[in-house]
Amino acid sequence: MPSFILKRVKKGCLPLFQCPRISLCSSKLVPNFPDSNQSSKVLESGLSSVLLNSTKNLSGSISTLANSSRFCSQNLQSLHSNPKIGIFAREFGTQAAVEPCTSDGLTVDGIVGSNWTILEEGEGDWKSHAAAIAQSIQVIKKRLQWKKLMVRLDLLSAELNKSDLWNDPVHASKISREHGSLMGKMKEVKQFEQELLDHIDMIKLAKEENDSELESESMEALLRMRRDSKDKELEALLAGEHDSCSCYIEVQAGAGGTESMDWAAMVMQMYKTWAQRRGYRVTIVDEMPGEIAGIKRATIKVDGEYAFGYAKAEIGVHRLVRISPFDSGKRRHTSFAAVAVIPILGDGSTHVQINESDLRIERFRSGGAGGQHANTTDSAVRIVHIPTGITATCQNERSQHQNKASAMAVVQSRLDQLEMARQAQMNAQHTQSLTEISWGNQIRTYVLHPYRMVKDLRTNYEVSDPDSVLEGDLDGFILSYLSTSLDKDEDEQ
Amino acid sequence: MMKLRLCSLHYGVRANIWRRPVSHYCSNSKSIISSSIEVKPKLPLYLRPPSFSTSLSELTKWHKWAKNLASSVGSSFVHLDNGPDSTLLQRELNWLLEDLLEVQHHSQILPLLKSGSNENADVAVALRVPLEDLYCAWRQRIEERRPFQYVVGCEHWRDLVLSVQEGVLIPRPETEIIIDLVEDVALKNNPKLAQGLWADLGTGSGAIAIATAKTLATRAHGRVIATDLSPVAVAVAAFNVQRYGLQDLIEVRKGSWFEPLKDVEGKLAGLLSNPPYIPSGDISGLQAEVGQHEPKLALDGGISGTNDLFHLIDGAASMLRPGGFFAFETNGEKQCKFLVDYIEKNKPDSFCNIKIVPDFAGIQRFVMGFHQ
Ligand SMILES: C[S@@+](CC[C@H](N)C(=O)[O-])C[C@H]1O[C@@H](n2cnc3c(N)ncnc32)[C@H](O)[C@@H]1O
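Put into C-alpha cells, the structure is as follows:
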C-alpha cells in the first residue's frame with residue numbers, strides 16, 4: 001500500500017492516541033467484552049499504543065515454552081536461501097504455498113506460538129520486538145481476511161490467465177484492477193513478514209560474530225518495524241473495496257416529532273465535527289428542518305480519503321435517553337435517529353448507467369405561476385429514479401442546475417450502492433446492507449439522564465462522557481467496531 | 001442601433017468600479033436608473049476587496065440581529081404575496097456571509113458565527129463592505145423586500161455567477177432549461193448548429209447568451225449575439241461576458257428585438273429568448289421582490305403578455321437559416337398553446353418539430369422548434 005496512505009492514517013489517528021480520556025475509558029472497557037481473550041487482543045493491537053500500556057499486564061502472560069513447532073522442512077528452506085527473491089516468482093502466484101522463514105526455520109506463526117514476553121518498546125531484547133511484530137502481522141492478516149483474500153486472488157488469477165479475457169474489456173479491466181489491488185495488499189504483508197525474518201537472521205548472525213554495530217542496526221530496524229506495524233494494523237481495518245471512497249452521511253429523525261428531530265440534528269452535528277476534525281471537507285447537500293427545532297432529514301457529503309471506511313461503522317439507529325428540553329413536565333424521553341452511509345465510487349469504478357427517461361425531476365417546493373412572476377432563491381429539486389423509487393433532493397446550492405447536479409450525484413451513488421448489494425448477494429459475499437435502515441437495528445445508546453454514558457450495542461464499547469462523543473469524538477467507537485467486526489468475520493470463515 | 005465595443009467598455013468599467021465609493025453598496029434601492037449612455041455596472045459583493053475590518057463580536061452581534069429579523073418574518077410574506085419565509089431568509093443570510101467574507105476564512109468563521117459563541121471575540125475579521133452597510137442591506141432585504149440577488153449583486157445560475165443590479169432582471173431557475181434544450185435537442189439533432197451564429201434577444205444579465213456560448217465552445221466555434229433595449233442590461237451583460245472571458249464569442253448589441261440584427265438576417269443557427277411575458281394586468285399583484293424592484297421593461301408583455309412573443313415568432317422565420325433552432329420561454333400553458341396554434345395556422349410551412357416543454361414544476365413553459 002502506498003506510504004502516503006500510511007501517513008494519512010497515522011496523522012488522522014493521532015488525536016485518539018493522545019487523548020487521555022479515551023485511553024482511560026477504554027481501559028475500563030475490558031470487562032465488558034464477552035470474551036476476555038479476544039478483548040485484550042482487540043484492544044492491544046487494534047486501538048492504540050496508549051491502550052497497549054494499559055492492558056499489557058492483562059495479556060503479557062509469560063511463557064517459557066520453547067518454540068517447538070513449525071520448522072520449515074529443509075528443502076523448502078533452500079528455496080529461500082536468498083529471501084529477497086523467490087516468493088513471488090510465479091506469474092500470478094497467489095497461494096502462499098511456502099511460508100517465509102528464517103534460516104533456522106522460524107516463521108511468524110512460530111514466533112507467536114513461542115509466546116515470547118512482549119515488553120514495552122524501550123525495554124527488552126529482540127525477541128520482545130519480534131513477538132510484537134509477529135502478533136501484529138497476525139492481526140493484519142486477520143483483518144485483511146487473509147484466507148478469503150488468497151482464495152479470491154487464485155480465482156482472479158485463473159480469470160486473468162484465460163485467453164478470451166479481453167473479449168469483454170470492461171470485465172477484464174475490473175478483474176485486473178481488483179487483482180492488482182489485492183496483490184498489492186498481499187505483497188505488502190509478505191514483504192513485511194520477510195523483513196522481520198531477515199532482521200532476526202541478521203541479529204543472530206551479529207551475535208554469533210560479535211558484530212555489535214550490525215546488532216544495534218538490526219535492533220533499530222526491528223523497533224521501527226514495531227512502530228510501523230501499529231499503523232499497518234489500523235490501515236488493515238480499512239482494506240475494504242470502497243473504504244477509501246468519500247461518502248454521503250444521511251440522518252433521519254425517528255418517530256416522536258420535535259424530540260427526535262432535535263436528536264437527529266445533534267447526530268448530524270456530531271458527524272460534521274467528527275469529519276471536520278479528521279480533515280474531511282463537509283458540504284450540506286440537503287437539509288429538511290423540523291417545524292419547531294432540529295431536522296427531519298439531512299444529507300452531508302464527506303470528502304476525503306477513507307471517509308466511507310470509517311463512517312460505515314455508524315450505519316444504524318442511534319438512540320437517545322434524556323430529560324426533554326421541549327417537555328415542560330421535565331419527563332424522560334427516548335428518541336431515535338437513523339444513519340445511512342453511502343460510498344461515492346471513484347472514477348475508476350463502474351457506475352450504474354442511468355437512463356434519462358427513467359428520471360423525474362421536480363421542483364421541490366413550487367406553487368404559483370413561476371417564471372418571471374417569482375423571485376425566489378429557493379431552487380431545490382428532487383430527482384426520482386422511477387424504476388427503483390430512489391429519490392434525492394438538494395436545496396443548498398445557489399442555482400437549480402447545481403442542486404440538480406448534487407441530487408443527481410446522490411441518485412448515482414444510491415444506485416451504485418444498490419447494485420453493489422445485489423452483486424454481493426450473488427457472490428454470497430459479506431456486505432452490509434446499506435440501503436434500508438430498519439428501526440429495529442439499534443447500534444448505540446446515548447444516555448444523558450439519569451446517568452451519563454454512550455454505549456455501542458455491537459461492541460459494548462462505552463464512554464462516560466456523552467458530550468465529547470456528541471462533539472465528534474467518535475474514533476474509539478469506530479475503530480473498536482471495525483476491529484471486532486473484522487475479527488468476527490474471520491472466525492466465521 | 002448601437003454597437004458597444006466591448007474592449008473599451010471593459011477598461012472603462014473596471015476603472016470606474018474600483019474607484020466607486022463603497023457606500024454605494026447600500027445605495028437607495030429604489031433609485032431610478034437614468035437612461036444615460038454610460039451605465040456603470042456595480043461590482044458584486046463577492047468580488048470586492050476585503051478592505052474593511054471588524055471584530056468577530058461585532059459581526060456576531062450583527063448576525064444575531066439579522067437572524068432575528070429573518071425569523072420575525074415567519075411565513076407572513078408567503079401569505080401576503082408568495083414571498084420568502086424565514087427558512088429561506090436564513091439561508092440567504094448564510095449566503096450573504098459567504099459572499100462577505102474571504103473564502104479561505106469561511107471554514108473558521110462561519111461555524112463560530114452560527115454557534116454564536118463568545119470565544120475569540122476580539123479576533124479581527126475582514127469584510128468586503130463596512131459593517132454599518134450590512135445593517136442597512138439586511139433591513140432593505142426584509143423591510144423593503146429588496147431581492148437578495150440585488151443585495152449581493154449576483155445570482156448563481158447554472159454553473160455561472162452573474163452580476164445583477166437594479167434595472168436588470170434576475171435570471172430565473174426555469175430559464176436554465178433553455179440551455180438544456182440547446183444541448184439535448186438542438187445540438188443533438190443537428191450538431192452542425194454548434195458552428196453557427198446564435199442570438200439571445202432581450203439578454204438581460206446575459207445569462208442565456210453566456211451559457212450558450214460556453215456550450216457551443218465545447219463543440220465548435222459558434223458565436224452569439226446578445227441584444228437588449230435596456231442600457232443597464234447591455235452594460236451588465238457586457239460586464240458578465242467580460243468576466244467569463246467570452247468577448248470573442250459574444251457580441252452585445254443595443255436595440256429593439258430584431259432591429260440590431262439586420263446584418264445577419266437568414267443566417268442564424270439558433271434564436272433564443274425569454275421576452276417579457278407577464279400580462280400587464282398582473283403586474284400590480286406581483287410578489288414585492290419582483291413588482292417593486294425588477295424593471296417593468298423586463299416583465300410586462302402587454303395585455304395578454306404575448307406581444308413580444310408574437311413579434312419574435314413573426315421574425316424568427318426570416319432570421320433563421322434552414323434547419324435553425326428556436327426556443328422561447330412563456331408564461332405557461334395558455335401562452336404555449338396560443339403560440340403553437342398561431343404557428344400552425346399562420347406559418348405551417350416555416351417550422352417543424354414544434355414542441356412544448358415543461359419546467360421542473362410541471363408548468364408548460366417553453367415553445368421550441370426548427371426552421372424548415
Ligand atoms: C424577462 S427579461 C429576460 C432577461 C434574460 N434573458 C433572462 O432570461 O434572465 C426580458 C428582457 O427583454 C428586454 N427587452 C424588453 N423589451 C425589449 C425590446 N423591445 N427589445 C429588446 N429587448 C427588450 C428587457 O430589457 C429584459 O432584459
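Same order as they appear, the protein sequences are chains A and B.
Residue numbers for the first sequence follow the UniProt record's numbering, beginning at 1 and rising by one.
Residue numbers for the second sequence follow the UniProt record's numbering, beginning at 1 and rising by one.
Every residue, glycine too, gets a C-beta built ideally from N, C-alpha and C.
A quick note: this is a predicted structure, and the numbers were derived from the prediction, not measured.
Counted within 10 angstroms of its Cβ, other Cβ atoms place residue i as buried (16 or more) or exposed
| i | result |
| --- | --- |
| Ser-480(A) | buried |
| Tyr-248(A) | buried |
| Asn-441(A) | exposed |
| Ala-158(A) | exposed |
| Gly-86(A) | Residue placement at Gly-86(A) cannot be trusted, given a pLDDT of 36 that sits under 50; what the coordinates show is reported in the next sentence. Classification of Gly-86(A): exposed, given that the 10 Å Cβ count is below 16. |
| Ser-136(A) | buried |
| Ser-36(A) | The pLDDT assigned to Ser-36(A) is 36, lower than 50, so where the model puts this residue is not dependable; a value taken from the coordinates is nonetheless given after this. Ser-36(A) comes out exposed. |
| Thr-350(A) | exposed |
| Asn-28(B) | Here the model assigns Asn-28(B) a pLDDT of 46, short of 50, so the residue's position is not dependable, and the following value carries that caveat. With fewer than 16 other Cβ atoms within 10 Å, it is exposed. |
| Cys-352(B) | exposed |
| His-373(A) | buried |
| Arg-281(A) | exposed |
| Ala-66(A) | Because Ala-66(A) sits at a pLDDT of 33, beneath the cut-off of 50, its placement in the model cannot be relied upon, and the point is left open. |
| Lys-141(A) | buried |
| Leu-134(B) | buried |
| Asn-161(A) | exposed |
| Glu-289(B) | buried |
| His-371(B) | buried |
| His-80(A) | Any reading at His-80(A) must be qualified, since the residue scores a pLDDT of 40, below 50, and its modelled position is unreliable; no value is offered. |
| Val-469(A) | buried |
| Pro-84(B) | buried |
Beta-bridge partners of residue i, as assigned by DSSP
| i | result |
| --- | --- |
| Ala-270(B) | The sequence as given places Gly at residue 270(B); Ala does not occur at that position. Trp-198(B), Phe-325(B), per the DSSP bridge assignment. |
| Ser-399(A) | Ser-399(A) is not bridged to any residue. |
| Val-367(B) | Phe-328(B), Ile-356(B) |
| Glu-159(A) | Bridge partners of Glu-159(A): none, in fact. |
| Glu-251(B) | Ile-225(B) |
| Tyr-446(A) | Leu-320(A), Val-454(A) |
| His-385(A) | Leu-359(A), Ile-390(A) |
| Trp-439(A) | DSSP output for Trp-439(A) lists no bridge partner at all. |
| His-333(A) | Arg-322(A) |
| Pro-343(A) | Cys-247(A) |
| Gln-287(B) | Partner(s): none; Gln-287(B) has no beta bridge. |
| Phe-239(B) | Answer by DSSP bridge pairing: none, since Phe-239(B) is not bridged. |
Contact under 7 angstroms by Cβ, residue i with residue j
| i | j | result |
| --- | --- | --- |
| Met-270(A) | Gly-294(A) | no |
| Ile-383(A) | Val-411(A) | yes |
| Pro-100(A) | Glu-193(A) | yes |
| Leu-200(B) | Leu-272(B) | Correcting the residue identity first, residue 200(B) is Asp in this sequence and not Leu. Cβ atoms of Asp-200(B) and Leu-272(B): closer than 7 angstroms. |
| Ile-170(B) | Asn-396(A) | no |
| Ala-207(B) | Trp-257(B) | no |
| Ala-236(A) | Arg-143(A) | yes |
| Leu-45(B) | Val-152(B) | yes |
| Val-236(B) | Ser-163(B) | yes |
| Asn-331(B) | Gly-305(B) | yes |
| Phe-325(B) | Ala-186(B) | yes |
| Thr-377(A) | Phe-77(B) | no |
| residue 494(A) | Leu-182(A) | Because chain A spans 1 through 493 in this model, residue 494(A) falls outside it and cannot be assessed. |
Closer than 6 angstroms: residue i CB and nearest ligand 2 heavy atom
| i | result |
| --- | --- |
| Gln-149(B) | For ligand 2, the structure offers nothing, since it holds only ligand 1. |
From the options, residue whose alpha carbon lies closest to that of residue i
| i | options | result |
| --- | --- | --- |
| Tyr-306(A) | Val-321(A), Met-288(A), Ser-246(A), Arg-360(A) | Ser-246(A) |
| Phe-360(B) | Asp-358(A), Leu-359(A), Arg-363(A) | Arg-363(A) |
| Gly-316(A) | Lys-296(A), Gly-254(A), Thr-334(A) | Gly-254(A) |
| Pro-50(B) | Ser-304(B), Gly-324(B), Val-129(B) | Val-129(B) |
| Ile-323(A) | Ser-335(A), Glu-314(A), Ser-357(A), Lys-232(A) | Ser-335(A) |
| Val-161(B) | Leu-297(B), Ile-225(B), Ala-211(B), Lys-61(B) | Ala-211(B) |
| Arg-243(B) | Ile-303(B), Ser-72(B), Cys-154(B), Glu-144(B) | Cys-154(B) |
| Asp-154(A) | Ile-175(A), Ile-300(A), Asn-167(A), Ser-379(A) | Ile-175(A) |
| Cys-394(A) | Asp-286(A), Arg-452(A), Glu-462(A) | Asp-286(A) |
| Thr-391(A) | Ser-379(A), Gln-400(A), Lys-404(A), Arg-398(A) | Lys-404(A) |
| Ser-280(B) | Leu-286(B), Ala-298(B), Gly-302(B) | Gly-302(B) |
| His-105(B) | Val-123(B), Leu-312(B), Leu-88(B), His-293(B) | Val-123(B) |
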